[in-house]
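In terms of our numbering, the sequence shown is residues 147 to 574. Cβ coordinates follow ideal geometry from the N, Cα and C atoms, glycine included.
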Amino acid sequence: MPVVVFGLNHNTAPVDVREKLYVPEAAVPDLVKDLKKEDIGEAVILSTCNRTEFYFSCDDFERSFRKFYRLLVEHFGLKAEWLEQYTYVFRNEDTYRHLFLVASGLDSMVVGEPQILGQVKDAYRLATDNSATGFLLDKVFHRTFNVAKRVRTETKIGYNPVSISSMATELAKKIFGELKEKKILVVGVGEMCEIALKNFKKEGVGEIFVTNRTFRNAQALAEDIAGIPRPFDDLPNLLGMVDMILTSTGSEKPIIDTNLVNGVMRKRKHKPLFFIDIAVPRDVEPGVNDLANVYLYDIDDLKNLSQHHLKDRLKESEKAHAIIEEEVARFTTWIQQLDTNPLISRIYEKVEEMRGTELKKALQKLKDVDEETIRSIDILTKGIVNKLIHPHVALIRQNGSPTVLDIMKKVFRIEEENEKNMDNRHKG
Numbered sequence: 147m148p149v150v151v152f153g154l155n156h157n158t159a160p161v162d163v164r165e166k167l168y169v170p171e172a173a174v175p176d177l178v179k180d181l182k183k184e185d186i187g188e189a190v191i192l193s194t195c196n197r198t199e200f201y202f203s204c205d206d207f208e209r210s211f212r213k214f215y216r217l218l219v220e221h222f223g224l225k226a227e228w229l230e231q232y233t234y235v236f237r238n239e240d241t242y243r244h245l246f247l248v249a250s251g252l253d254s255m256v257v258g259e260p261q262i263l264g265q266v267k268d269a270y271r272l273a274t275d276n277s278a279t280g281f282l283l284d285k286v287f288h289r290t291f292n293v294a295k296r297v298r299t300e301t302k303i304g305y306n307p308v309s310i311s312s313m314a315t316e317l318a319k320k321i322f323g324e325l326k327e328k329k330i331l332v333v334g335v336g337e338m339c340e341i342a343l344k345n346f347k348k349e350g351v352g353e354i355f356v357t358n359r360t361f362r363n364a365q366a367l368a369e370d371i372a373g374i375p376r377p378f379d380d381l382p383n384l385l386g387m388v389d390m391i392l393t394s395t396g397s398e399k400p401i402i403d404t405n406l407v408n409g410v411m412r413k414r415k416h417k418p419l420f421f422i423d424i425a426v427p428r429d430v431e432p433g434v435n436d437l438a439n440v441y442l443y444d445i446d447d448l449k450n451l452s453q454h455h456l457k458d459r460l461k462e463s464e465k466a467h468a469i470i471e472e473e474v475a476r477f478t479t480w481i482q483q484l485d486t487n488p489l490i491s492r493i494y495e496k497v498e499e500m501r502g503t504e505l506k507k508a509l510q511k512l513k514d515v516d517e518e519t520i521r522s523i524d525i526l527t528k529g530i531v532n533k534l535i536h537p538h539v540a541l542i543r544q545n546g547s548p549t550v551l552d553i554m555k556k557v558f559r560i561e562e563e564n565e566k567n568m569d570n571r572h573k574g
C-alpha cells in the first residue's frame with residue numbers, strides 16, 4: 147500500500163501561495179473525513195507557516211491521487227494547473243525520507259529549528275483523535291519521532307537553537323540597533339509569539355504590549371514577561387504608540403489593513419513604523435508596505451536572514467542526513483517485509499505441498515522401503531527444493547518491489563490460485 151506525501155513549502159512556494167493552501171486546525175476533522183471518502187485509507191495533515199503537507203495511504207495510487215487532487219482543487223477553490231507549479235509528490239521511500247527530514251528540522255527555513263517536531267506531533271495527534279490513521283501511518287509517524295530524537299541526540303543540529311521567532315528578534319535588532327528604548331506590540335499568543343516575547347525581554351525592550359482577540363489569553367502571556375496586556379479593540383491606538391509590531395495570529399484574513407495603517411500614520415505624523423508578520427495566512431495586508439515610512443517584513447523575508455546561520459550547521463547537517471539515510475533504508479526494508487513475508491510463506495507452503503504430493507506418489511511405487519530410507523529421501527528432497535527456491539526468496543527479500551512480487555506470484559501460480567479461490571467462493 148503506497149504511502150504518499152503531497153504538499154508545498156517555503157522552498158517551492160512564496161508566502162502568498164502558501165497561505166492559500168493553509169489548513170486551520172479547526173478545519174482538519176472535516177477535511178480528513180472528505181479524504182477518507184475518496185479511497186484514502188489514512189491521512190495526516192501538517193499545516194504550518196512554512197508548509198502544508200498531506201500524508202496519506204491508499205490501495206491504488208493513480209486512482210486515489212486523481213480523486214485527492216480533485217478534492218483539493220475544489221476545497222481550496224484553486225486551478226489545478228496553478229497548483230502544480232508549487233507542489234511536490236513523493237511516494238514510499240521518498241515519503242519516509244521527506245518526513246524524517248521535516249521532523250528533524252533539516253527541511254525548515256531555519257535549519258535545526260526545534261518547533262517543527264512539536265508541530266508534526268500535533269498534526270499526528272489531531273489525525274488520530276479523528277480516527278484518520280491506522281496501522282501504516284501509525285508506524286510511519288512513530289518511527290519518524292524516533293528518528294528525529296536520534297538526530298537531536300547524535301548531532302548538534304539543535305545546538306543553540308534558531309527559530310522563526312528568534313529570527314524576528316534578530317531582524318528587529320538589525321532595524322533598530324538598540325532595543326532598550328523601543329516600544330513593541332505583539333499581536334497573538336501562540337508559541338511563536340511567546341518565544342519572541344521572551345527574546346525581546348532578554349534584549350531589554352523598553353515596553354512590550356500584548357493584544358489578542360481573547361483578552362484573558364493576552365493577560366496570561368503578558369504576565370509571564372511583565373508585559374502590558376491591552377484589549378484587541380485598542381489595536382488602532384496601539385499602532386500609534388509603538389515602534390514595531392510583531393504579529394502571528396491564526397486569522398484566515400488580514401487583521402491589519404491598508405486603510406487602518408494609513409489613518410494611524412497620519413496621527414503619527416509619519417513617524418516610521420515597522421511590521422514583522424510571521425503569520426500564515428498573513429495578518430497584515432501586503433499593500434501596507436506601499437505606504438510612506440511603513441516597512442513590512444513577512445516570513446519569507448526572514449529566510450534570507452536565516453542563511454547566515456546555515457554555515458554553522460552544515461557539518462552537523464551532513465551527519466544528520468547520514469543518520470536519516472540509514473533510517474530510511476532500515477524502515478523501507480521493514481515495510482517491504484510486511485508485503486514480502488506473507489508471499490514468501492505462501493511460496494514455501496505451496497512448494498512443500500508439491501514436494502509432499504510427489505514424494506507420496508514415488509513412495510507408493512517403491513516396495514519394501516524401510517523407515518530410514520524414507521526419512522533420507524524426505525531430507526534429500528527438502529534440501530533440493532529449498533536450494534531451488536532460495537534464489538527466488540532472496541530476490542524477494544532484496545527487492546520487494548511490486549513488479550518483483552507480481553512476477554513471483556505468476557512463477558509460483560499464487561495469483562491463479564487466489565483467483566480460483568475467489569471463483570469458488572462466488573459459485574458457492
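Check: How should Phe558 be labelled, buried or exposed, when 16 other C-beta atoms within 10 angstroms of its C-beta is the threshold for buried?; Outcome: buried
Check: Just to check my reading of the structure: Gly187 and Gly280 have Cβ atoms closer than 8 Å, yes? What is that Cβ distance to the nearest angstrom?; Outcome: 7 Å
Check: Going straight from the alpha carbon of Gly264 to that of Ala226, what length do you get?; Outcome: 31 Å
Check: Is there contact between the stretch 271–279 and the stretch 166–178, where contact requires at least three CB pairs shorter than 8 Å?; Outcome: yes
Check: Is the distance from the Cβ of Met338 to the Cβ of Ile470 below 8 Å?; Outcome: no
Check: I'd like the list of long-range same chain contacts for Met568, defined as Cβ closer than 8 Å, with 5 residues on each side in sequence excluded.; Outcome: Note that Met568 has pLDDT 39, beneath the 50 cutoff, so the model's placement of it is unreliable and the number below is only indicative. Around Met568: no qualifying Cβ.
Check: Restricting to Cα atoms, I'd like to know which of Ile354, Ala368, Lys513, Arg362 is closest to Met387.; Outcome: Ile354
Check: Can you look up Ala425 in the DSSP assignment and give me helix, strand or coil?; Outcome: coil
Check: Using CA coordinates, which residue listed in Lys285, Asn155, His288 is at the minimum distance from Gln231?; Outcome: Asn155
Check: Who are the Cβ neighbours of Thr395 in its own chain at under 7 Å, not counting the five residues just before and after it?; Outcome: Val333, Gly334, Ile401, Ala425, Asp429
Check: Contact defined as beta carbons within less than 8 Å: I believe Leu406 pairs with Pro382. What is the distance between those atoms, to the nearest angstrom?; Outcome: 6 Å
Check: Kindly indicate which three-state DSSP category Thr233 falls into: helix, strand or coil?; Outcome: coil
Check: Determine the extent of the beta strand (DSSP E) in which Pro537 is found, giving its start and end residues.; Outcome: Segment 517–544 is the alpha helix (DSSP H) holding Pro537; no beta strand (DSSP E) there.
Check: For Val257, which of helix, strand or coil comes out of DSSP?; Outcome: coil
Check: Hey, could you find the ends of the alpha helix (DSSP H) Val219 is sitting in?; Outcome: 207–222
Check: Three-state secondary structure (DSSP) at Lys556?; Outcome: helix
Check: Should Asn196 be labelled buried (16 or more other beta-carbon atoms within 10 Å of its own) or exposed?; Outcome: buried
Check: Helix, strand or coil for Pro418? Go by DSSP, reduced to three states.; Outcome: coil
Check: Around the C-beta of Ala305, are 16 or more other C-beta atoms found within 10 angstroms, so that it is buried, or is it exposed?; Outcome: Here residue 305 is Tyr; the residue named in the question, Ala, does not match the sequence. Exposed.
Check: Could you have a look at Pro250 and say whether DSSP puts it in helix, strand or coil?; Outcome: Rather than Pro, the amino acid found at residue 250 in this sequence is Ser. Coil.
Check: Assuming Cys204 and Val150 make a contact with CB atoms under 8 Å, what is their CB distance in whole Å?; Outcome: 7 Å
Check: Val539 and Arg501 - do their beta-carbons sit closer together than 8 Å?; Outcome: no
Check: Lys465 by DSSP, collapsed to three states: which one?; Outcome: helix
Check: Nearest by alpha-carbon distance to Asp125: which of Leu385, Asp447, Lys344, Asp379 is it?; Outcome: In the structure as shown, the chain begins at 147 and stops at 574. Residue 125 is therefore absent and cannot be evaluated.
Check: Tell me whether Tyr242 sits in a helix, a strand or coil according to DSSP, three-state version.; Outcome: helix
Check: Using a 10 Å radius around the Cβ and a threshold of 16 neighbouring Cβ atoms, would you call Asn358 buried or exposed?; Outcome: buried
Check: Which whole-angstrom value is the C-beta distance of Phe349 and Ile310, which I expect to be below 8 Å?; Outcome: One detail in the question is off: residue 349 reads as Glu in this sequence, not Phe. Actually they are not in contact, since the Cβ atoms of Glu349 and Ile310 sit about 17 Å apart, beyond 8 Å.
Check: Are Arg521 and Thr486 close, meaning C-beta to C-beta below 8 Å?; Outcome: no
Check: Take every Cβ of the stretch 459–477, pair it with every Cβ of the stretch 493–513, and state whether three or more of those distances are shorter than 8 Å.; Outcome: no
Check: Mind checking Gly323: buried by the 16 CB within 10 Å criterion, or exposed?; Outcome: exposed
Check: Can you tell which of Leu385, His536, Leu245, Phe222 has its C-alpha closest to the C-alpha of His467?; Outcome: Leu245
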